[in-house]
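Enquirer:
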Amino acid sequence: MAAVLLSGCASAPMTRGGSLSSYDSLTPSDGVLAKSLVRVSKDEVLAAKTVRIVPTVFSQAASPNLSTKQRVLVANAVDRSLCVGLSERFQVVTADQPADLTAHVLVTQAAPTNEVAAGASKVVSFVPMALGVPAPVPRLPIGLGSLTVEAEAQDPSGKQQAAMIWARGANSFTNSPTVSTAGDAYDLAASFGGDFSQLLVTGASPFGKAPHMPSLDKIGSSLGGKPKYAACETFGRGPGAVGMIAERVGLPPEWSDKGAPTENQ
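So the sequence shown is numbered by my numbering: it starts at 732 and just counts up by one.
1) Measuring alpha carbon to alpha carbon, tell me which residue in K959, D988 and S987 is nearest V823.
2) At what residue ranges does the region 760–817 contain a whole run of the alpha helix (DSSP H), taking only runs of 4 or more?
3) Using only the alpha-carbon positions, how far apart do V910 and E775 sit?
4) Looking only at its own chain, which residues have a Cβ that is under 6 Å from the Cβ of G876, when we skip the five neighbours before and after it?
5) Would you mind sorting S752 into buried or exposed? The rule is 16 or more other CB atoms within 10 Å of its CB.
6) I'd like the span of the alpha helix (DSSP H) that includes V932, first residue to last.
7) Just the C-alpha distance for L736 and P869, rounded to the nearest angstrom, thanks.
8) Taking Cβ positions, are R802 and A792 nearer each other than 9 Å?
9) Is the beta carbon of S952 closer than 9 Å to that of V815?
10) Let me know the secondary structure DSSP gives A733 once reduced to three states.
11) Would you list the residues sitting across from G900 in a DSSP beta bridge?
12) Do you know offhand how far S922's Cα is from L878's?
13) Can you tell me which residues form a DSSP beta bridge with Q828?
14) Taking the continuous alpha helix (DSSP H) assigned at P984, which residues delimit it?
15) What residues are listed by DSSP as bridge partners for T758?
16) Per DSSP, E883 forms a beta bridge with which residues?
Following this line, the structure appears as structure tokens:
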């Protein structure tokens with residue numbers, strides 16, 4: 732299965748952006764699709780009860796091909812996914828409240844999706860349905876986007892307690908094409924948020940483990956419902972059913988995701 736997935740997968744560089752307080756002791760911990768370097772102080776992280784999220788930003792050289800609006804949308808998708816994931820164990824607090832851990836993320840690379848190739852993939856995928864054949868059609872393995880990020884969680888003294896450099900390319904089987912240069916980066920943003928939040932929730936690498944059942948709160952938030960903690964409203968609510976339908980037909984995420992509330996942008 733891994734070989735099949737990787738055969739139609741874009742590559743993503745392990746770019747460093749200089750935002751981590753330390754790059755020492757980072758060790759490889761790759762998943763089937765994502766590459767990563769990870770460090771975590773398990774006891775300290777598991778002892779933490781509250782967490783604050785600093786809004787994600789793009790490095791200057793991360794993605795000159797994405798518009799400012801698209802970069803804001805992708806960054807917010809990282810934060811929203813991270814907030815929902817961290818809510819599984821932590822109390823997420825607002826920027827003006829004290830916290831046991833403060834998490835921050837930097838996007839260091841976001842390769843654009845080829846809109847023409849994505850549109851062609853979506854058209855091709857509808858052909859079997861039009862012929863009455865319910866067969867899934869893999870996405871064309873060209874013009875795939877990718878995302879690379881680095882993230883850190885610090886204690887109140889500023890000491891690094893967890894860090895991750897994460898890189899993943901879109902693939903022909905699990906990433907649905909949308910006609911937007913930011914389509915794959917937006918999709919992968921949620922995947923990263925899930926992986927980094929699991930690092931902090933469990934105190935261990937999220938890779939190489941059996942999937943676990945998400946809580947009802949997490950499922951509801953993922954479907955566009957009210958988040959468990961009010962602090963997560965800072966990043967807006969997910970597009971829910973509207974987003975699922977938009978993704979199904981290949982519409983750009985810019986059309987369905989309202990992003991963060993205007994006063995927070």
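From the three backbone atoms N, C-alpha and C, an ideal C-beta is built for every residue, glycine too. All values derive from a computational prediction rather than experimental measurement.
Expert: Taking the structure as given:
1) Translated into the one-based positions of the sequence shown, residue 823 becomes position 92. Closest option to V823, Cα to Cα, is K959.
2) For the region 760–817, whole alpha helix (DSSP H) runs of length 4 or above, ordered along the chain, are 773–778 and 799–817.
3) Residue 910 sits at position 179 when you count from the first residue of the sequence shown. Residue 775 sits at position 44 when you count from the first residue of the sequence shown. Those two C-alpha atoms are separated by around 43 Å.
4) Taking the sequence shown and counting its residues from 1, the one referred to as residue 876 is at position 145. Correct list, in chain order: A842, P843, T844, A901, D915 and A916.
5) Locating residue 752 in the sequence shown gives position 21, counting from the first residue. Exposed: under 16 other Cβ atoms inside 10 Å.
6) Residue numbering aside, residue 932 sits at position 201 when the sequence shown is read from its first letter. Taken as a continuous stretch (DSSP letters only), the alpha helix (DSSP H) holding V932 covers G914 to T933.
7) Taking the sequence shown and counting its residues from 1, one reaches residue 736 at position 5. Taking the sequence shown and counting its residues from 1, one reaches residue 869 at position 138. At L736, the pLDDT of 46 sits below 50, so the modelled position is not reliable and the matter cannot be decided from this model.
8) Within the sequence shown, the letter at position 71 stands for residue 802. Within the sequence shown, the letter at position 61 stands for residue 792. No. Outside cutoff.
9) The residue given as residue 815 occupies position 84 in the sequence shown. The residue given as residue 952 occupies position 221 in the sequence shown. Yes. Within cutoff.
10) The residue labelled residue 733 in the question sits at position 2 within the sequence shown. Model confidence at A733 stands at a pLDDT of 49, short of 50, so the residue's coordinates are unreliable; what they give is reported in the following sentence. The answer is helix: DSSP assigns A733 an H, G or I state.
11) To locate residue 900, count along the sequence shown from 1; it is residue 169. Answer is S877.
12) By one-based count along the sequence shown, residue 922 stands at place 191. By one-based count along the sequence shown, residue 878 stands at place 147. The straight-line gap from Cα to Cα measures roughly 10 Å.
13) By one-based count along the sequence shown, residue 828 stands at place 97. None, per the DSSP bridge assignment.
14) Along the sequence shown, read from residue 1 onward, the residue named residue 984 stands at position 253. That run of the alpha helix (DSSP H) goes P984 to S987.
15) Position 27 of the sequence shown holds residue 758. DSSP output for T758 lists V769 as bridge partner(s).
16) The residue given as residue 883 occupies position 152 in the sequence shown. DSSP lists H835 and A894 as partners of E883.
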